[in-house]
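Visitor: In the working numbering, the protein residues as written are 589 to 1114.
Can you keep this structure in mind? I'll have questions shortly.
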């Protein structure tokens, strides 16, 4: 239980339905959808699409998503991969020949993969939703026309990263070239028009016709190789989840091209240590977790890719791999960091989770990759494109090498915890590269230290990111110094590491929601 002598959020309890998102308007919208008779899929889509308006630096309809759904009346979990592919004509060899040694980030077409999220939302609505797209998109259409007040964290991101916006994107996502201030209204009428077409025509309203023509012509005008066929052929894929057991709890993850396997590997490494004997916010745990992270992420960067090109998934998930890697950790000395797969590190993502009265549960993560994605928007409809292709490598022969029709390695991952085969808690941790470590830390906070979801989210975090160990202010000066003495290069990040949402299902059916104070959001139930 939370220590009420210390500042922190209280858990949110409800008996019917619950939603936790990174923005209050999205949480409230999701609950409104549930009260209108929608189910968790309807509510999750409504909240997610609205977040693209409330937090455009983080996500939007030009991005990708991964979704996990536990339908009502079963404990089976279904995964939907809503990540888009590189345009068919993209060639790693051609990019190297042009002088590139890594994927560019902003203002260019090369890292723009085809947006996959909208296809996934349309497919989920048709296969599992109850209300239909017109109802679930209506709230965002309303707010896109009338405006949403800029929230504090969203305003911080806008102020710090609006320079990533280029061309038409500056017209749509700034006020005369300046970022909107906290409390000011942000409107995007052409987003409303785009969503009206999707509401009326389904996925064709986005991937075919005038909206698709606008996206393709805008990308080709700056040198892109994208075609109308690339957009029309975009399809999300249902997949089978992967999982690993940490003591009595099963961590269920989305399969690659997301990095969920890395979280399972990290848990398998940490299982070799007596974490419960360590201070949860002390030196020993922070050091062991940092070293385990280096090893797990090294495996990720060497093996993880589009599932169609990955050959070492079983090796990553094998508990014996975790045992062997754990033996490499020196409790008294930090090891060098592994070489990163790509310099394109990001923290720009939204995560939400919804559970309805019938106990359908959704765990959904949705992103444009870097701050404001590629910084490129379509000229007429203002669709802001992701730069998820920056997750490719240009290393020849690597399974994650950039090439046409491939999905890049993704950092974004939704998750669920199960106990004795029953869903215990959908959850997710935002924060780019941190997400696998965040999933592992959340799991160990709950399992090894008995924290409730809100306490597990509020708790201070640290993360070793390719040489630099970011340690939040919640750690003591003694821990900071101790880590430095062990050889870590310690820094204090200017903002919190990532964000998180979770909903715990109690044995009596009561729902307990938690939302990260590092973001603007909240959990709401009814």
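Heads up, the beta-carbon is just placed ideally off N, CA and C, and yes, glycines get one too.
1. Output yes or no for whether 9 angstroms exceeds the beta carbon distance between residue 669 and residue 918.
2. What residues in its chain sit with their C-beta under 6 angstroms from that of residue 1049, if we drop five residues either side in the sequence?
3. Can you grab the Cα-Cα spacing for the pair residue 797 / residue 789, in whole Å?
4. If you reduce the DSSP assignment to three classes, tell me which class residue 937 lands in.
5. If you count every other CB in all the chains shown that lies within 10 Å of the CB of residue 627, and 16 or more means buried, which is it?
6. Please state whether the Cβ-Cβ distance between residue 889 and residue 676 is less than 9 angstroms.
7. I'd like to know whether the C-beta atoms of residue 922 and residue 1076 end up nearer to each other than 9 angstroms.
8. What does a CB cutoff of less than 8 angstroms around residue 840 pick up in its chain, not counting 5 residues either side in sequence?
9. Are the CB atoms of residue 956 and residue 980 nearer to each other than 9 angstroms?
10. Does DSSP put residue 852 in a helix, in a strand, or in coil?
11. Excluding sequence positions up to five away, which residues of its chain have a Cβ less than 7 angstroms from the Cβ of residue 1098?
12. Beta-carbon separation of residue 993 and residue 674 under 9 angstroms?
13. Given a cut-off of 9 angstroms on the beta-carbon distance, is the pair residue 1111 and residue 615 in contact?
14. Mind checking which residues open and close the beta strand (DSSP E) that includes residue 1014?
15. Quick one: what does DSSP say residue 654 is sitting in, helix, strand or coil?
16. Determine, using beta carbons only, whether residue 652 and residue 697 come nearer to each other than 9 angstroms.
17. Please name the residue, chosen from 1087, 1067, 810, 1088, that lies closest to residue 1079 on a Cα-to-Cα basis.
18. With burial defined as no fewer than 16 other Cβ atoms inside 10 Å of the residue's Cβ, what is the status of residue 1053: buried or exposed?
19. Can you give the beta carbon distance from residue 1012 to residue 1092, rounded, assuming they're within the 8 angstroms contact cut?
20. Taking the DSSP output, what are the residues bridged to residue 833?
21. Which value, in whole angstroms, describes the spacing of the CA atoms of residue 961 and residue 801?
22. For residue 1089, list the residues DSSP reports as bridge partners.
23. From which residue to which residue does the beta strand (DSSP E) around residue 951 run?
24. So what's residue 626 in DSSP terms, helix, strand or just coil?
25. Determine the burial state of residue 959: buried for a count of at least 16 other Cβ atoms within 10 Å of its Cβ, exposed for fewer.
26. Taking the beta carbon of residue 1083 as the centre, do at least 16 other beta carbons fall within 10 Å, making it buried, or is it exposed?
27. When DSSP builds the beta bridges, which residues end up paired with residue 866?
28. Could you check if residue 934 is buried or exposed, using at least 16 other CB atoms within 10 Å of its CB as the buried criterion?
29. Between the segment 708–723 and the segment 682–700, are three or more C-beta pairs nearer than 8 angstroms?
30. Residue 590 by DSSP, collapsed to three states: which one?
31. What do you reckon, are the CB atoms on residue 1062 and residue 869 nearer than 9 angstroms?
32. Roughly how many whole angstroms lie between the Cα atoms of residue 793 and residue 707?
33. In its own chain, which residues sit with a C-beta less than 6 angstroms from the C-beta of residue 778, not counting the 5 before and 5 after it?
34. Less than 9 angstroms between the beta carbons of residue 1010 and residue 622, yes or no?
35. Return the Cβ separation of residue 949 and residue 843 in integer angstroms, given the expectation that the two are a contact with Cβ distance under 8 angstroms.
36. Using the three-state DSSP reduction, which class does residue 962 fall into: helix, strand or coil?
Guide: Result, derived from the coordinates:
1. no
2. 1060, 1085
3. 10 angstroms
4. strand
5. buried
6. no
7. yes
8. 656, 665, 829, 830, 831, 1003, 1004, 1005, 1006
9. no
10. helix
11. 601, 603
12. yes
13. yes
14. 1010–1018
15. strand
16. no
17. 1067
18. buried
19. 7 angstroms
20. 838
21. 20 angstroms
22. 1016, 1103
23. 949–957
24. coil
25. buried
26. exposed
27. Residue 866 pairs with nothing; no bridge assigned.
28. A caution first: residue 934 carries a pLDDT of 46, below 50, which makes its placement in the model unreliable, though a value can still be read off. Counting Cβ neighbours within 10 Å, residue 934 comes out buried, since at least 16 surround it.
29. no
30. Low confidence applies to residue 590: its pLDDT is 43, below 50, so where it sits in the model is not reliable, and the reading given next is rough at best. If DSSP states are grouped into helix, strand and coil, residue 590 belongs with coil.
31. yes
32. 10 angstroms
33. 969, 970
34. no
35. Not confirmed; about 18 angstroms, so no contact.
36. coil
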